[in-house]
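>
Numbering (the numbering used here), first residue to last: 19 to 115.
(1) Can you say whether residue 71 is buried or exposed, counting buried as having 16 or more other CB atoms within 10 angstroms of its CB?
(2) Confirm, please, whether the CB-CB distance from residue 81 to residue 88 is below 7 Å.
(3) Would you identify the three-state DSSP class for residue 34, choosing helix, strand or coil?
(4) Does residue 33 pass the burial test, meaning 16 or more other C-beta atoms within 10 Å, or should it be called exposed?
(5) Taking a contact to mean a Cβ-Cβ separation below 7 Å, would you say residue 50 touches residue 20 in this structure?
(6) Under a three-way DSSP split, which group does residue 82 fall into?
(7) Tell me, please, which residues DSSP counts as bridged to residue 54.
(8) Pull the bridge partners of residue 91 from the DSSP assignment, please.
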């Protein structure tokens, strides 16, 4: 899971973000946390009250693409340690199923 936040988000204050982080960590959720110097709706290019940031959106979409490629296309799984192993085609099944 990839969590992306603007550290100037007036809808989800710092204490709320910290609580989410702590709860996910305590629950053992495997996630990446990215907090950027930006506001709420930094990726929304319409009705964002001029908070849209094209450069940050590109960087974030790079992270999303990397996550989807690693997990969905390549079938790489994180076993909770420093090693990552690949799933076999049998584990993945057919893309047409």
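Each residue gets a CB set at the ideal place from its N, CA and C atoms; glycine is no exception.
Taking the structure as given:
(1) Residue 71 sits at position 53 when you count from the first residue of the chain shown. Per the 10 Å Cβ criterion, buried.
(2) Here residue 88 is taken as the residue at index 70 of the chain shown, counted from 1. Here residue 81 is taken as the residue at index 63 of the chain shown, counted from 1. No, these two residues do not count as a Cβ contact at 7 Å.
(3) Taking the chain shown and counting its residues from 1, one reaches residue 34 at position 16. Here DSSP, grouped into helix, strand and coil, assigns residue 34 to helix.
(4) Here residue 33 refers to the residue found at position 15 of the chain shown. Residue 33 comes out exposed.
(5) Indexing the chain shown from 1 puts residue 50 at position 32. Indexing the chain shown from 1 puts residue 20 at position 2. Yes, the Cβ-Cβ distance between residue 50 and residue 20 is below 7 Å.
(6) To locate residue 82, count along the chain shown from 1; it is residue 64. DSSP, reduced to helix, strand and coil, places residue 82 within a helical segment of the structure shown.
(7) Taking the chain shown and counting its residues from 1, the one referred to as residue 54 is at position 36. DSSP lists 24 as partners of residue 54.
(8) Here residue 91 refers to the residue found at position 73 when the chain shown is read from its first residue. According to DSSP, which records beta bridges pairwise, residue 91 is partnered with nothing at all.
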